[in-house]
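Undergrad:
Numbering (this note's numbering), first residue to last: 2 to 146.
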């Protein structure tokens with residue numbers, strides 16, 4: 002899987018398949034996809050480091066990763082899953098790290114690209130807020146872990 006270069010159509014498709022972006026129309030997804038960069042990580046590579054200020058929002062295109070907080074695995078990520086949104090939104094250090102558990106390809110949006118996408122696509126802003134709301138609800142209701 003490594004070494005693949007995703008076409009813009011495939012990027013759009015991958016982003017659109019992320020539950021986060023349900024409700025964003027095809028045109029909006031294409032505009033967001035155009036801003037993404039494809040980043041490859043070998044097995045064991047830290048994609049996002051706990052305590053560092055994040056510079057990007059990521060959606061997993063292929064592969065898998067674990068979310069680790071203070072040494073404990075708190076979630077497993079698969080294609081379509083996203084991470085990095087908190088650090089991009091508030092500019093504060095990441096609260097967990099994400100480690101590739103197999104060769105993994107992510108679509109990344111740099112924080113300034115993420116902000117631009119949200120500005121020009123209100124549906125993207127809504128989608129991100131819904132994604133955050135559902136994570137917050139899981140945490141506060143204690144159903145997740």
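Glycine included, each C-beta is placed from N, C-alpha and C at the ideal position.
For residue 1 versus residue 30, is the C-beta spacing smaller than 7 Å?
TA: A query on residue 1 cannot be resolved here, the shown segment of the chain reaching from 2 to 146 and no further.
Undergrad: Do residue 43 and residue 63 come within 7 Å of each other at the CB atom, strictly closer than that value?
TA: For the purposes of this step, residue 63 is taken as residue 62 along the chain shown, with counting starting at 1. For the purposes of this step, residue 43 is taken as residue 42 along the chain shown, with counting starting at 1. Contact: no.
Undergrad: Does residue 60 pass the burial test, meaning 16 or more other C-beta atoms within 10 Å, or should it be called exposed?
TA: If you number the chain shown from 1, residue 60 lands on position 59. The residue in question, residue 60, is buried, as its Cβ has 16 or more Cβ neighbours within 10 Å.
Undergrad: Do you know whose CA, among 35, 19 and 23, lies nearest residue 10's CA?
TA: Taking the first residue of the chain shown as position 1, residue 10 is located at position 9. Per the Cα distances, 35.
Undergrad: How would you label residue 108, buried or exposed, when you count the other beta carbons within 10 angstroms and need 16 or more for buried?
TA: In the chain shown, residue 108 corresponds to position 107, counting from 1. Buried, because 16 or more other Cβ atoms sit within 10 Å of the Cβ of residue 108.
Undergrad: Near residue 7, which residues of its chain fall below 8 Å by C-beta distance, leaving aside the five closest residues on each side in sequence?
TA: Here residue 7 corresponds to residue number 6 of the chain shown, with the count starting at 1. Answer for residue 7: 15, 39, 62, 106 and 108, listed in chain order.
Undergrad: Only counting the same chain, and skipping five residues up and downstream in sequence, which positions put a Cβ closer than 8 Å to that of residue 122?
TA: For this step, residue 122 is matched to residue 121 along the chain shown. Result list for residue 122: 25, 29, 32 and 33, in chain order.
Undergrad: Considering only the beta carbon of each residue, do residue 98 and residue 47 sit closer than 7 Å?
TA: Residue mapping note: residue 98 aligns to position 97 of the chain shown, counting from 1. Residue mapping note: residue 47 aligns to position 46 of the chain shown, counting from 1. Yes, Cβ-Cβ distance for residue 98 and residue 47 is below 7 Å.
Undergrad: Check residue 109 in the structure and name its three-state DSSP category.
TA: For the purposes of this step, residue 109 is taken as the residue at position 108 of the chain shown. Residue 109 falls in the strand class under three-state DSSP.
Undergrad: Considering residue 10, what are the terminal residues of the alpha helix (DSSP H) in which it resides?
TA: Position 9 of the chain shown, counted from the start, is the residue given in the question as residue 10. That run of the alpha helix (DSSP H) goes 9 to 18.
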